[in-house]
Every structure is written in structure tokens, then in C-alpha cells.
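Worksheet: one structure, shown below.
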Amino acid sequence: MSAFSAIGEETEHDQNEFTPGLEPQPTWCPGCGDFGVLKALKGAAAELGLSPDEMLLCTGIGCSGKLNSYFESYGFHTIHGRSLPIARAAKLANPGLTVVAAGGDGDGYGIGGNHFMHSARENHDMTYIVFNNEIFGLTKGQTSPTSPMGHKSKTQPHGSAKQPIRPLSLSLTSGASYIARTAAVNPNQAKEIIVEAIEHDGFSHVDFLTQCPTWNKDARQYVPYIDIQDSDDYDFDTNDRREAADMMAETEDALHEGTVLTGRYYVDGDRPSYGQEKRAIGEMPEEPLAERYFDDDYEWERSYDLFLEKHR
Amino acid sequence: MTDDELIWRIAGGSGDGIASTSQNFAKALMRSGLHVFTHRHYPSRIRGGHTYTEIRASADPVESRGDGYNFLLTLGDSFARNPSEGAYYGDEEQKPLYENLDELREGGVIVVDEGLVDTSVVEDFDERVEENNWHVYEFDLRSLAREYGREVMRNTAGVGVTCALAGIDREWIVELMTDAMPEKILEPNLEILDEAYEMAMDVEHTHDVSVPEGEHDEEQVLLSGSDAIAYGALDEGCRFIAGYPMTPWTEVFTIMSQNLPEVGGISEQVEDEIAAAALALGASHAGVKAMSGSSGGGFALMSEPLGLAEMTETPVVLVEAMRAGPSTGLPTKPEQGDLEHVLYTSQGDSNRVVFAPSTVSEAYTQTRTAFSLAYEYQIPAIVIYDQKLGGELVNVPASHFDEEPNPDLGSVLTEAELAEAPHDASGKYNRFQHNVEKGISPRSIPGQKDGHFLATGNEHMPAGHISEDPENRVFQMDRRMSRVENIRADLDAAEGSNQTPHGPEEAEYGILTWGSNQGTVFEAIDRLNDDGYSVKALSVSDMMPYPVDEVEAFIESVDEVLVVEMNASAQFRGLTQKELGRYGEQLSSLLKYNGNPFEPAEIVDGFVTTIVENDTLPGTETKFVPAAGD
């Protein structure tokens, strides 16, 4: 029997279980897209029948980092850009947990860009939601890695001379095995995508378009959006890297011309997750490592018996 | 200290197998019943560049490299040759000879591999030989190695010659080679060993240097400080490590990575040191005993996750293997310059445990203590040591490691306890309660029923919700900070102390030191007392919480104290004055920061010159910094 009874239990859970009591109430600005992520995540967790005790939600710093204050589950509000290394180690330590990491575009594509690239490359079995509002929100409106060229802010008064990050293409190149984009203004699709992302065994990257009505007034509010899977204009195979790459490039170009495309872009269901790879080569135990510390019958090895022979 | 000792220095080029050869040789000497201590000196290069290893062997316990040495085996650097005159590396292939003569003792032996090394390039070589009564033996070890095997086997030839000249029983080497080498290379190596031995027996022996005879009263193992730290972690139930390679921390990382999968643990080599420490936090948060570590520059990157561990009360052990700084400094040379870095790095009031083991055996025990305190008190613990301790091989009684494992996760509640535990109105477990015993508010582990809470680096209420409430802030700060005082009380109440005294109980003078200088200082203390001075030492290992009472009693018991450490800014002396709040007039410093560790004679001379004779130190090897007001 598992030492963690919450993991794998089959009781029904509804969305309200993931909502705290009266306090704390979200402190996001009126009209903020972050509400959409919270709602989609709660809906997805309930639909998947997860319990608050078997989920670990790791966030970074910024408006997005407050997500786990308003979501009932185990949470780790980490430091700017560092949610991924913390989340992926927790998953390795206890593969029974459902691990979700979340951060903003500055957090995920800027300061944490290196971790993003490597977590995707390693294909950890987890979901990464990036709140992409093309601006730094909590520090009051500076240019972010996804802000378009020419974007003016107090720190880029002449307008940004930098090309924005192309998150979907970057994710594919880095090695993520599930890549989608959704938007806060599209709650049904958002929930469905997060359900799929959590169910996917591997690194799932969801670029979540979240409007910032306070600091990014000039930006499109991502409406009207087009769901590429629902539209007859876009026909491509999400299992095919090249077709997915072309579609991503088109989507990323189109966004800056005012057309918002969302949907699933790439799904590789065959590639084993990092944990599976590590188990297959004998670098990770079959049973969740964390459980061993709760197993009174486990016989712990001693260095004296294992290694000292070679030092005699 | 004993006069009857062999200090064997093997010098050659990096990549010539100096380290592995000396390791086997040291083990053979240990098996023959001797106490051994090795000292490694190597450049920040992979192939080529002068490197040496020293092995001190004696019938009595040895705790330092000693002063100089009495047997030099010089092999020449086969990778260093650069035909162009005036090239950057110049005539480096000769360095193993000319760089090593200054410290060779009078009457010492020099074995020259004439296949590569030419004594005529050393200015005044013959005069110096005569002056110092050195005994020079030239053999073409290179040709011998080539004849029976490969050039790299000239190490074996050198060992064979050493056995003949120093009176070492060849069988000890044969036994070890047989254990360690695959059959294919064993045969030529044994032939080379024998040929070299016979060759050296055939020449006339003029020297008076030989290996002593000894006997151990219990079984010994040969371990480095890095081995001991890794084994301490494993025995304390650590099953997760994440790291990024950096000299000299890489040694611990490598040992753990090779052994963890064998015991069902996980090792992760990751993208950078920020990630490494963050992974250790993630694994620990999820209920596994975890560690990470680095050396100075890499540890600098870890200051962010370290602070997060303090604020979220996530247990973790970090090891910091010091090398000379600032920045990338001297990558392969020892220094004790990261003490303040480790004590105070990261924002806010620091709130951590820092141990600085002094010996290989302490590296094992204190790593275990670091883990058990980290998990009981939910606080980061750091083990800080230098390149010298990490790399030196010393014999330790095998029984020292014959200890029971301790996988206890510390202050974690069971699901039954969680069901009864206080929860916040939001539904979260009150993970960070205000008034708890010893400041420890028990943890829950993700996946445990009724245990979910929010861990955050922001100030937070008992269930983890972010809060700027002033009253809660003070409660939480006081509780977190009180853990360090409670740890001090636990350490004081424990059997034995991490601080090691040496010398007579009543003494006029004191030497205070920390970390890997311990053995060298203790040897110096013995010599000083033999010479009629009245000196004792205290070697301190607890850096935070600081052992205020023990150090104060030590300072109070003597007239004057010399603080010996390997850095330029007297960091440990500064810490002592800060923690004790006084004694500025009683503490002066003897410092060394040229990339080489202290030798006992430097401490003896430094003490006599500065403290007793009030004179100034000649040369630049060591430096004296007087007490405040002097």
C-alpha cells in the first residue's frame, strides 16, 4: 500500500475542493487573464478526479506566482524562474504525484529560460503552464521576452529593438513532447488542454495567453481567437514534427499581425518520459523513492557493507 | 612527528597517471602496517602541466603532509613538450625535477627518469646535490616501460625502483596490482615492476632513507575527505543528489553519482548550480533526503535556492568545496576563503547550520550530523571543506564507518497525525505554526492526506498564505531564528564536541584553527612543546551555530592566541570576534593563501617569530596580521 493514501484514490472531487475558503481572495487586477488559468486548472483537476493532496503546484514569482495561493493543493511558491527544477525533482522523488509548474513569460522564457529548455529536453512527466501576457505585470509594466519589437515601456523608452521569443517553436526545438497554446478568453478549450497536458506522460508545455488590461493596454486581448482544431483552414498532423513546426511558425507570425491562433500543436505519445528512461537504465528505483522513507520494513544499506571493501 | 618516516613525492605531468599510481602505493604502504597521509598538487590542466603527489608514511599516526620530503621520483612530463623556443609552456617537461628541489630534505633521494628528464637543464644541479647530500639515481624508466608494455607504465617502473631503494617489500605492490588491474595490463606491469626492482638493486646504494616498519592494531581503510562526505550522506539516508561539475566539489558528486543507483537513489547532473540546489529542494519537499553542492563560484549561484530553503523550512544539505578565489581563482588549489560566503550569502537574516570538518573521519561524522539536524530542524545545513581535505587520502580505522544507517525524515507527521493537526479555514494544514517546541513546526509531505499547504519564499501565515502582517512576521522570524539557538543547545548537550583540543591543558599560548589545518597545527603544537614552549590548540568545526562557550573558555585559559587559517582576510578570526563580541586584543593571525597548504614548520616558525619574539616574518609564504591595537 502506498504511504501516500491521497495518491491514486478514486473518490470524486469537484472543482470547489480546489478553492480556498473566504481567504485569500485573488489580488489580480479586474479583467486579468490569470483568473482564466485558475478556473481552467480547477476544472481540469476536478475532471481528472485528482485530490488536493496528490497535486503539487509549483510557481515562480510575479502575478502568475500567486496562482497556488488561490488553488487548494500542495504548493511551492518558489523564486523567479525556478519553479521547473523544483517541480521536476519532486516528480522524480515521487512519481505518484501530479506535478504542475506555472510561471509568467518573464519567469519562464526570460530568467528561467535555461530551465525551460532543459526540462523540455529531458521530457520530465509534468505540465508547465506559462502565463503569456507579453509584459512584466507585478513590477509594473516593463518589456518582457514576448513583448513585440518596438514595444515601449519605462525600461525600453525607445521601443524594444529585440525580436520576441517564439515560445512554441522554442519548446519544440528544446524537446517538449506535448505543446499547446490556449487563451484565458477561451475557457472551455483551456480546460480541455490542461486535462490533456496533465494526462500526457512527458513534458507538456501550455503557452497560455493571458491579457493584462492594466499594463499592456495596447496589446490585443486575444479576441477573436481561432481554434485551429475547429477551423477548416488549418489542417496538419500534430504528431508530425515538421508540420507542427510550420504551424507554430505561422501562429507566431500571425499573433503579431493580430490573428490569435490557439490549439494543440505537437503531441508525441510514443516518447518515454524522463522517469521511464531513467528507470530503464537503472538510474532510478521502480517504486517511488519517497515511499521508502515511510516503509518501516525497508532495509537501508550501509556504506560499510557496500563500499569499504575497495578501500581496504 | 617522527624522524623515521618516508615522504615519497612522485612528480610528473598531468595525465601521466600520477594520482592512480600514488593511490595504489599509499594503499600498499597502509596494508604493510603504516599510517599514511597523501597530499595532491595539480594544475588546472588535463594533459600536461607539472603535478605531484606526496605520500607520508610512518609507524605513528600522521595527520599532515609534513615538512618537505625525502624521496623524489621524477618522471618528466610527457605531454608538456613544446618544440618552439620561448613558447608559453617553455621547458615544462623538466619541471617535475627543477620545481621540486627546494623542499627536498638533506640526505634525500632523487630518482630521475633519464628517458625524459635531463639533470643538466637545472642550473647548479651538481652543486646543490653535493651541498644537500642528495643521492641521485638515474634510470631509463621510459625505455623500460616501452620495452615491456607502454610508456605510461613508467610509473610502475618508478614504483619498482622505489621499492628497491627504500626497502619496501615488492609483494605489497604485487598484491595490490593483482587486485586492481585487468589481466591484460597486469602482466606487463608486473614484469616492469620486477625489472625495475632488479635494476635498482644492481646499483650501489649510497643513501640512508628507508621505509619504516609498522603495525596497525585494527583494520584500516584508505579514504579521502570526499569519500567520507559521500559515505556519511549515504549512511544518513541521502538518496538524491543534484549537481553541476566544478573542481573540487566534483569528487563528491562523482562518488555519489556512481553509488546512488546501486542503492536505489537518484543522481541528476543538471544545467547549472541554481537548478542543482533547486532540485535538491524539490526532492526534499517531496519527502526524500537530498543534497547538492559546489565550489565557490557555483555556490554563489546557489544563494537564491538557499534562501528559499531557509524561508520555506525545506531541509537540505549543501556541500561547499573551497578552492582559492575570488571568482574562478586558483581552480585546483586549496584556500579557506569561502567561509563568510557560506555563512552569510543570500538575502535576509541568515538562518542555517554550517560545519567545517577537519579530518577525513570528521568529514563522515559531521556530514551525518548535518543531515540529521537539517531534517529535524527543517533548515539548510552546509558542510564546508577545502580542496586539501577533499583530496587527501588518509588511513582511518574501518570500524569508524561501522555505523547504523539513519533514514529518519525528521519532523514529519503521519497521515493519522495530520488528520488531527490544526488546519486553516482555507483547508490547508497549518504547516508553519507559531508556538511550537524548539521552533520546529512539523512538515507534511505532498501526497499525504490532509497535509496540503503552501510553501513560499514570501513571509507567510501558518498555512503558508502570503502575509505582510507585522505580528505574524515577528512570530515567524523569531521561531525560525530560534532553531539555530536550539541546535546550539542540542550540540552542547550531545556526547563529545565537534571542537578538537590538542596539547597540554595548561598552556601559556593558544592556537585557534579550523578545517583541514587541524593535523598540521597539531603537529606544530607537539614540536613547539618539545622545544620548550607552552602552547595548546583548539580546532573548531561548528561555524554556525558558533561554539561560543568552548572558544571563550579556550581564549580565557591562555595569554595570547594565534589564529591559523588559509585565507587573506582572517575570516575565521573575524567570525570569532563577532560571535564572542570581544577579544580583539588577544587574537592575531597567521595566514597563508598562496595556493599551498601550511606545513608544520611554517606554523612553528610563524608562532615563534611573531608571538614569542615579536619579530616580522621573512618571505611571502605566510603572513602575520597583529591583534587589534598592536
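If you're matching them up, the sequences are chains A and B in order. Under our numbering, the first residue of the first sequence carries the number -3, and numbering increases by one thereafter. Under our numbering, the first residue of the second sequence carries the number 1363, and numbering increases by one thereafter. The beta carbon of each residue, even a glycine, is placed where N, CA and C say it ideally should be.
Item                                                                                                                                                                              : Value
Tell me the residue span of the alpha helix (DSSP H) that contains residue 114(A).                                                                                                : 109 to 118
Tell me which residue opens and which closes the alpha helix (DSSP H) that residue 1647(B) is part of.                                                                            : 1635 to 1647
Does residue 278(A) have its Cβ less than 9 Å from a Cβ in chain B?                                                                                                               : yes
So residue 1594(B) is in the alpha helix (DSSP H); what residue range does that whole segment cover?                                                                              : 1587 to 1597
Taking only runs that begin and end inside the region 174 to 213 of chain A, name each unbroken beta strand (DSSP E) of 3 or more residues, in chain order.                       : 174 to 179, 199 to 205
Taking Cβ positions only, does residue -3(A) come closer than 9 Å to chain B?                                                                                                     : Because the pLDDT at residue -3(A) is just 48, under 50, the model does not fix this residue reliably, and the value given afterwards should be weighed accordingly. It does not: the Cβ of residue -3(A) has no partner Cβ on chain B nearer than 9 Å.
Taking the C-alpha atoms as reference points, what is the distance between residue 89(A) and residue 1644(B)?                                                                     : 8 Å
Enumerated in chain order, which unbroken segments of the beta strand (DSSP E) with a length of 3 residues or greater are wholly contained in the region 1474 to 1527 of chain B? : 1497 to 1501
Between residue 118(A) and the rest of its own chain, which residues show a CB-CB distance below 7 Å, the 5 nearest in sequence each way excluded?                                : 270
Taking residue 1951(B) as the reference, give the member of 1922(B), 1750(B), 1708(B), 1486(B) with the closest Cα.                                                               : 1922(B)
For residue 1829(B), which residues from the same chain have a beta carbon less than 7 Å from its beta carbon, with the 5 sequence-adjacent residues on both sides left out?      : 1821, 1822, 1823
Since residue 1629(B) sits in a beta bridge, which residues does DSSP pair it with?                                                                                               : 1603(B)
First and last residue of the beta strand (DSSP E) that includes residue 312(A)?                                                                                                  : Only positions -3 to 308 of chain A appear in this structure, which leaves residue 312(A) out of reach.
For residue 1415(B), count neighbouring Cβ atoms within 10 angstroms of its own Cβ and tell me buried if that reaches 16, exposed if not.                                         : buried
Residue 1747(B) to residue 1390(B), Cα distance in whole Å?                                                                                                                       : 27 Å
Residue 1432(B) and residue 1467(B) look like a contact to me (Cβ under 8 Å); what is the Cβ gap, rounded to whole Å?                                                             : 5 Å
Thinking just about the alpha-carbon of each residue, which of 1417(B), 1657(B), 1942(B) is nearest to the one in residue 1367(B)?                                                : 1417(B)
Is residue 1976(B) helix, strand or coil by DSSP?                                                                                                                                 : coil
Counting pairs of beta carbons, one from the region 1609 to 1626 of chain B and one from the region 52 to 69 of chain A, are three or more of them closer than 8 Å?               : no
The beta strand (DSSP E) with residue 1616(B) in it runs from where to where?                                                                                                     : First-last for residue 1616(B): 1612 to 1621, but that is the alpha helix (DSSP H), not the beta strand (DSSP E).
Let me check understanding here. Comparing Cα to Cα, which of 1423(B), 1404(B), 1409(B), 1471(B) lies closest to residue 1430(B)?                                                 : 1471(B)
Looking at chain A, which residues of the region 1665 to 1684 of chain B have a Cβ within less than 9 Å of any of its Cβ atoms?                                                   : 1666, 1667, 1669, 1670, 1674, 1676
Under the three-state reduction of DSSP, which class applies to residue 105(A): helix, strand or coil?                                                                            : helix
List the residues of chain A whose Cβ lies closer than 9 Å to the Cβ of residue 1731(B), in chain order.                                                                          : What residue 1731(B) touches in chain A: nothing, since even the nearest Cβ is about 16 Å away.
Starting from residue 1534(B) and walking both ways along the alpha helix (DSSP H), at which residues does that stretch end?                                                      : 1532 to 1542
Select from the region 39 to 73 of chain A all residues with a C-beta closer than 7 Å to any C-beta belonging to chain B, and list them in chain order.                           : 48, 49, 50, 52, 64, 65, 68, 69, 70, 71, 72, 73
Using a 10 Å radius around the Cβ and a threshold of 16 neighbouring Cβ atoms, would you call residue 303(A) buried or exposed?                                                   : buried
What's the call for residue 219(A), buried or exposed, on a 16-neighbour Cβ count within 10 Å?                                                                                    : exposed
If we ignore side chains and look at the alpha-carbon of each, how far apart do residue 1863(B) and residue 1556(B) end up?                                                       : 47 Å
Measure from the C-beta of residue 289(A) to each C-beta in chain B and report whether the shortest distance is under 9 Å.                                                        : yes
Quick check on DSSP: helix, strand or coil for residue 1926(B)?                                                                                                                   : strand
Could you tell me whether the region 1650 to 1668 of chain B touches the region 97 to 107 of chain A, using the rule of 3 or more Cβ pairs below 8 Å?                             : no
Would residue 91(A) be called buried (16 or more neighbouring beta carbons within 10 Å of its own) or exposed?                                                                    : buried
What does a CB cutoff of less than 7 Å around residue 1607(B) pick up in its chain, not counting 5 residues either side in sequence?                                              : 1615
Are residue 1896(B) and residue 1868(B) close, meaning C-beta to C-beta below 9 Å?                                                                                                : yes
Measure the alpha-carbon distance for residue 1524(B) versus residue 1572(B) and round it to whole angstroms.                                                                     : 10 Å
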